[in-house]
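S.K.: Would you mind keeping the following structure in view while I ask a few things?
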Amino acid sequence: MQLDRLVNFHKTVGDKTRLRIIGLLKEGGALHGQAIAGKLGLTPPTISHHITKLKEIDIVYQRRDKNTIYYSLNEKKLALLAEAITRLGDEDMNAELQVTEEEKHNVLNNFIDSNGRLKSIPAQLKKRLIVLEHIIKGLESGKTYPEPEINEHIKKYHEDFATIRREFIMHHFMTRDKGYYELNPKELWLI
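Right, here's the structure in full:
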């Protein structure tokens, strides 16, 4: 379940060295392992160990430049995970995106045809979130889905499964890990 992901995030960042690495990357941008080790007074293998842990929770990513690997902070993911715990149970979360049942009904009538298929992906965020929520209702909470299974589910509604799959991730309906997808708790959804 996604609550396990939040617990793992807090366990991982609950280490002084990892917090110092996060601080360095936030302050200094991309740095290579030797630079991080030098600034923190630690050995490169120690830095490598901690960077691996931070990469596992997707808050640090790497890029190679010739023979040097640079590490950068995934600030968007860090902010999302850090704020997620404060949003659990928050009914007023994203109040500007809250919609009434009547609004949902009207949007779905406009964008879903008589066969239950999506006519087009709405351009307006609020309407798009309503449609995404409708499409995702057929999936089970706590179940992990391989990518082909998610694609087949989406194809029941629209042929552009890749775009809708990306929208699920971008708007926090789901998380993706190595080609597997899982529903987030509803508290993390943007609607």
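Quick note, the sequence shown lines up with residues 934 to 1124 if you use the numbering used here. Quick reminder that beta carbons are idealized off the backbone N, C-alpha and C, glycines included. Everything numeric in this text was worked out from a predicted model, so none of it was measured.
With the cut-off set at 7 Å, would you say N1117 and H1105 are in Cβ contact?
M.R.: Yes; because the gap between Cβ atoms is below 7 Å, this pair is in contact.
S.K.: Expressed to the nearest angstrom, what Euclidean distance is found between the alpha-carbon atoms of P1041 and R1061?
M.R.: Sequence check: residue 1041 is Leu here, not Pro. If I take the Cα positions, the gap works out to 10 Å.
S.K.: Taking the alpha-carbon positions, what's the P1081 to F1094 distance?
M.R.: Using only the alpha carbons, I get a separation of about 10 Å.
S.K.: Please report the residue range of the alpha helix (DSSP H) in which Q967 lies.
M.R.: Segment 966-973, the alpha helix (DSSP H) holding Q967.
S.K.: Going by the DSSP bridge assignment, what does V993 pair with across the sheet?
M.R.: Note: V993 sits in a beta bridge opposite L1006.
S.K.: Starting from R1050, trace the beta strand (DSSP E) in both directions and tell me its first and last residue.
M.R.: Unbroken run through R1050: none, as it is neither H nor E.
S.K.: Cα separation between N1027 and K999?
M.R.: At N1027, the pLDDT of 44 sits below 50, so the modelled position is not reliable; the number obtained from the coordinates is stated separately. For N1027 and K999, the distance between alpha carbons rounds to 43 Å.
S.K.: From this set, L957, E1073, I1068, L952, which residue's C-alpha is nearest Y1003's C-alpha?
M.R.: Considering only alpha carbons, the answer is L957.
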